[in-house]
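Numbering (this note's numbering), first residue to last: -7 to 136.
We treat Cβ as the ideally placed atom computed from N, Cα and C, and that holds for glycine.
Note that the coordinates shown come from a computational prediction; the quantities given were computed from them, not determined experimentally.
Report on one structure; see the data block that follows.
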Amino acid sequence: MTWTIRPPRAEDHDMLAEIYLSVRRQTFVWVDPGKFHHEDFAAHTNGETILVCEHADGRLAGFLSLWPEDDFIHMLYIRPEFQGLGAGTALLQALPEWPQHKYRLKCLVNNRRAKAFYLSHGFVVTGNGASPEGDYEELSFCPV
């Protein structure tokens, strides 16, 4: 499948917010869905670098947000119809200096599919903690 990875455009904002909202509600079934709101996307990505994954037909498949100062991948969200087709991999591969650079992220323990994705891409568990959405593990990508 062919993906275009690019910075977001102003006209992408509503769709990115919708992807963030809908995927959270579908994935984090252990959290009250009323706690998730359309405006969360703007608040939760403020000051972050965002990469958008666009399908060849122009539809947005998902996005990645990065806090570059800490090499921290804050979010990687893919619409369900595009999951398992390489969109997430394309976003990781578009990170600056991937795969020679160290990156880290937090993955909720209950989000087993996401954890399996990251482990399959070379991330390893390096810590753990708790958040309002549940326990998480810190995962790090350490180049060899």
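- Segment contact flag, the stretch 21 to 29 with the stretch 38 to 46, C-beta cutoff 8 Å, min 3 pairs: no
- Message: If you reduce the DSSP assignment to three classes, tell me which class Leu13 lands in.
- Response: helix
- Message: With the cut-off set at 7 Å, would you say Cys99 and Leu68 are in Cβ contact?
- Response: no
- Closest residue to His137 among Tyr95, Leu52, Gln75, Glu73 (Cα-Cα distance): Residue 137 falls outside the range modelled here, since the chain spans only -7 to 136, and no answer is possible.
- Go through its chain and collect everything with a Cβ distance to His113's Cβ below 8 Å, but skip five positions before and after it. Thr81, Leu84, Phe133
- Message: Considering Cα atoms alone, identify which of Trp22, Gly50, Asp127 is closest to Pro0.
- Response: Gly50
- Does His93 get closer than 7 Å to chain B when you measure Cβ to Cβ? The structure shown contains no chain B; it holds only a single protein chain.
- Ala106 versus His5, Ala34, Pro124, Arg71, residue with shortest Cα-Cα distance: Arg71
- Message: I'd like the list of long-range same chain contacts for His36, defined as Cβ closer than 6 Å, with 5 residues on each side in sequence excluded.
- Response: none
- In angstroms with no decimal places, state the Cα-to-Cα distance between Arg17 and Gly126. 14 Å
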